[in-house]
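When we follow full-length UniProt numbering, the leftmost residue of the sequence shown carries the number 1, and every step to the right adds one.
To start, the structure under review is shown below, and the notes come after it.
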Amino acid sequence: MSYDSLRANFDNLAFEIVVEGFGLSPTERSSKMQELCILAAKIVLEVEGSDDEVRILCNLDGIMHRAHSRISALEQCEDLRAKSARNYLVSLHAPAY
């Protein structure tokens, strides 16, 4: 697979993770992130020794960081929502003083 094809797949998958991540299940997010890592590794091999290697690797690193950060933020948000829902339910059943 060529660099252009790999990069298009990488960019599309990163877009899915970052933009559509909240609608994905944790398993889907993890799977997509693993797939993104595999694509990044293939790109690294494809551009090895090219004049643009450093620029491309820095760009990939930034995108990978953003995708991972987005997934972490989504997980934290989901945890907070679950805790808030549990606390709300407990407060509904607590005796009023």
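Where a beta carbon is used, it is the ideal one built from N, C-alpha and C, also for glycine.
TODO: Select from 30, 45, 79 and 74 the residue whose C-alpha is nearest the C-alpha of residue 2.
DONE: Against the sequence shown, residue 2 aligns to sequence position 2. Comparing Cα positions, the closest option is 45.
Task: Sufficient close CB pairs (3 or more, under 8 Å) joining the region 65–82 to the region 30–44 - done: yes
Task: Backbone CA spacing between residue 17 and residue 86 [nearest angstrom] - done: On the sequence shown, residue 17 is found 17 positions in, with the first residue counted as 1. On the sequence shown, residue 86 is found 86 positions in, with the first residue counted as 1. Their Cα atoms are separated by approximately 28 Å.
Task: Sequence-distant residues of its chain with Cβ nearer than 8 Å to residue 32 (five each side left out) - done: Locating residue 32 in the sequence shown gives position 32, where the first residue counts as 1. If we look at residue 32 and ignore the five residues flanking it on each side, its Cβ neighbours are 13, 16, 17 and 24.
Task: Alpha-carbon spacing of residue 42 relative to residue 49, whole angstroms - done: Here residue 42 refers to the residue found at position 42 of the sequence shown. Here residue 49 refers to the residue found at position 49 of the sequence shown. The straight-line gap from Cα to Cα measures roughly 14 Å.
Task: For residue 21, the three-state DSSP class (helix, strand or coil) - done: Counting from one through the sequence shown, the residue named residue 21 turns up at place 21. Three-state DSSP puts residue 21 in a helix.
- [ ] Could you check the C-alpha separation between residue 10 and residue 84 for me, to the nearest Å?
- [x] To locate residue 10, count along the sequence shown from 1; it is residue 10. To locate residue 84, count along the sequence shown from 1; it is residue 84. Rounded to whole angstroms, residue 10 to residue 84 spans 36 Å at the Cα level.
Open item on the list: Spatial neighbours of residue 21 within its chain, please: C-beta separation below 7 Å, excluding the five flanking residues on both sides.
Closed with: As a position in the sequence shown, residue 21 is number 21, starting the count at 1. Correct list, in chain order: 29, 70, 71 and 74.
TODO: Could you check if residue 40 is buried or exposed, using at least 16 other CB atoms within 10 Å of its CB as the buried criterion?
DONE: In the sequence shown, residue 40 corresponds to position 40, counting from 1. Result: buried.
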